[in-house]
Amino acid sequence: QHQISIMRLLLLALLASCSTASRVAGAEGSLAPSRAHGGPRGRVPTKNGSQPLVAVCIVGLVRNFVDPVVYKNLKHNFLDTVSNNTFAFAILKEYHDPVVKYQNVLRKDEHSLQRALHYVKPFRTTVYRTEEEDFVLDNYTCHYDYRSVPKNLTGVRMYWKNDMHSPGHPVYKRSLGQMKGAWDCMQQIKEVEKKHRVKFDGVFRIRTDNVWVRPPKPATELLRFAKKKKAILHDWDMVLFAPRKAMNYFSKFYDEWLKCKGSWPGRSVPELEWEDGAKALGYYYQDFPFPQIIKRPDICAGSPMQHCFHNSADLKFGACVHALYKDEIPNGLNIAKAEKYWNMIERCGYPGEMDSSTAVWRGCPANKAAYDKLVRGFLPAKCFRKGQTKTLSYGFKGSLFSASHMHRRSGLLF
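Each number in our numbering comes from the position in the sequence shown (counting from 1) with 15 added on.
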């Protein structure tokens, strides 16, 4: 009986060690730190006639990936439509989000993440449970320096400078984490190509919080356009697409980071690094409007409504805000007043872009206080609690988020 008990303990220990280092995720497994998640059993990458073989890297902190409006539209409006021969690779980070505005978002339980992954069915999935499993900033011989940020980006440069004195360096970690995630995905894609003796035709890198409001152009058209222009297509840093020949673009930053000693010589900001990486490989960095909108943690930041307003060709403003933030309506969100505000921004611009006399003559707010009063008229009260005095008067200018030139009707799943 004593021997049986010992054997049971040994068996339990063996099972525990196997669970800790599990490589069974999706159809084929994953890196050691991942949790085990189901995938499309029996399906393997093969060439399929006229349909391009496409890899999609879903990379980033879990954030709103677990929201049905994100993962359902990802599957039906993107993965199932861009090509009939698409394989998703999920590189997810479940650890504490370094960005302050996300820290108050309720931590999603494990069941919600499993549900999202079961619905999307990535071919391979890696979930980093802790930051240490992903990377440790102090272990690198390279380090960021705010002075590498272009001087004309005054606000961004100061943002990075302040991060040098912040505990944990959240901005640096966010930037490096984005590039490391893309690198992880490339290693898995290359491994799959070698194992199945195939080559993908094109590679997407998308965020975990993209809401695809309708299908994009088919991969056949995207590849034809990218090859003709010798371009890497991008929608800001939200969506990136490259032909297979340029696939190393996605791992270039981190490959060079591992070799770097001392201060990083690049421009540091991810959006600029993606552009520089394309040019270094001899590719044009082509701005291309993909029909997607970012799902932020709540409505208090300015960018969610900006995205909805400037993607009106894809989805009307009211329908967009309602679909993405309908849970905010009981808290006091007034969509009708919000739409009037953004129409006013389109006509009048932001605070300081027009002198007060001209503003009054044109029926525009005369100063920042007048803008803030309008904002308080449609945002929930929680956005203006002590320490959270948000205002939509600031943030990116609307011109950075160009309206889509694609005019098919939205197929957003509500």
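Here a beta-carbon is modelled for each residue, glycine too, at the ideal position from N, C-alpha and C. Being a predicted model, the structure only gives us computed values, none of them experimental.
- Cβ neighbours of R78 within its own chain (closer than 6 Å, five residues either side excluded): T223, D224.
- The straight-line gap separating the alpha-carbon atoms of Y269 and R220 is approximately 15 Å.
- In this structure, G196 and V74 form a Cβ contact; the two beta carbons are roughly 4 Å apart against a cut-off of 8 Å.
- Setting aside the 5 residues that flank it on each side, S163 is surrounded in the same chain by S278, W279, P280, G281, R282, S283, each with a C-beta closer than 8 Å to its C-beta; the list follows chain order.
- Residue environment: A105 is assigned as buried (16 or more neighbouring CB atoms within 10 Å of its CB, all protein chains considered).
- In the displayed model, L76 falls within a strand according to three-state DSSP.
- One alpha carbon belongs to Y155, the other to K276, and they sit about 8 Å apart.
- Below 8 Å, too few C-beta pairs join the segment 239-252 and the segment 83-100 to call them touching: fewer than three.
- Counting along the chain, the unbroken beta strand (DSSP E) around R139 starts and ends at 139-143.
- When the alpha-carbon of Q129 is set against those of N346, L152, F80, the nearest one is in F80.
- For the options F256, A385, F150, K210, the alpha carbon positioned closest to that of Y299 is the one of F256.
- Apart from sequence neighbours up to five positions away, the residues of its chain that approach N346 with a beta-carbon distance below 8 Å are P395, A396, K397, ordered along the chain.
- With a minimum length of 4 residues, the unbroken runs of alpha helix (DSSP H) contained wholly in the segment 267-337 fall at 285-295, 318-325.
- CA-CA distance, I350 to F305, rounds to 24 Å.
- Annotation: N177 to V390 spans about 28 Å, alpha carbon to alpha carbon.
- Here V69 has V97, S98, N100, T101, F102, F215, D216, G217, V218, F219, A234 as same chain residues with Cβ atoms under 8 Å from its own Cβ, once five neighbours each way along the sequence are excluded.
- Residue range 225-227 is occupied by the beta strand (DSSP E) that includes N225.
- Measuring C-alpha to C-alpha distances from E109 to each of K87, D302, G192 identifies G192 as the nearest.
- Closest option to E354, judged by alpha-carbon separation, among P366, R377, G392: G392.
- Per DSSP, V85 is one residue of the alpha helix (DSSP H) stretching across 83-89.
- Closest in alpha carbon position to D313, among H337, G297, H325, is H337.
- Of M320, C379, P165, H325, the smallest CA-CA separation from E343 is found for M320.
- Boundaries for V186: no beta strand (DSSP E) harbours it, while the alpha helix (DSSP H) harbouring it runs 185-211, taken from the DSSP string.
- For A261, there is no enclosing beta strand (DSSP E), since its DSSP letter is neither H nor E.
- Here the alpha carbons of K90 and V226 stand approximately 10 Å from one another.
- Taking C-alpha positions only, D149 is separated from V71 by approximately 20 Å.
- Looking at the DSSP output, K108 bridges to L76, Y143.
- Judged by DSSP in its simplified three-state form, N382 adopts coil rather than helix or strand.
- Inter-residue distance for V84 and M253 is about 17 Å (C-alpha atoms, whole angstroms).
- Here DSSP, grouped into helix, strand and coil, assigns T235 to helix.
- DSSP, read as helix, strand or coil, puts V151 in coil.
- Excluding sequence positions up to five before and after Y187, its CB lies within less than 7 Å of the CB of L152, Y159, D178, all in the same chain and listed in chain order.
- Leaving aside the five residues that flank P231 on each side, the residues in its chain whose CB is nearer than 7 Å to its CB run, in chain order, F93, V97, F305, P306.
- Counting only residues of its own chain and dropping the five nearest sequence neighbours on each side, E146 has a CB closer than 6 Å to the CB of Y110.
- N263 and M201 have their C-alpha atoms spaced approximately 8 Å apart.
- I309 is positioned such that its CB atom lies no closer than 8 Å to that of C323.
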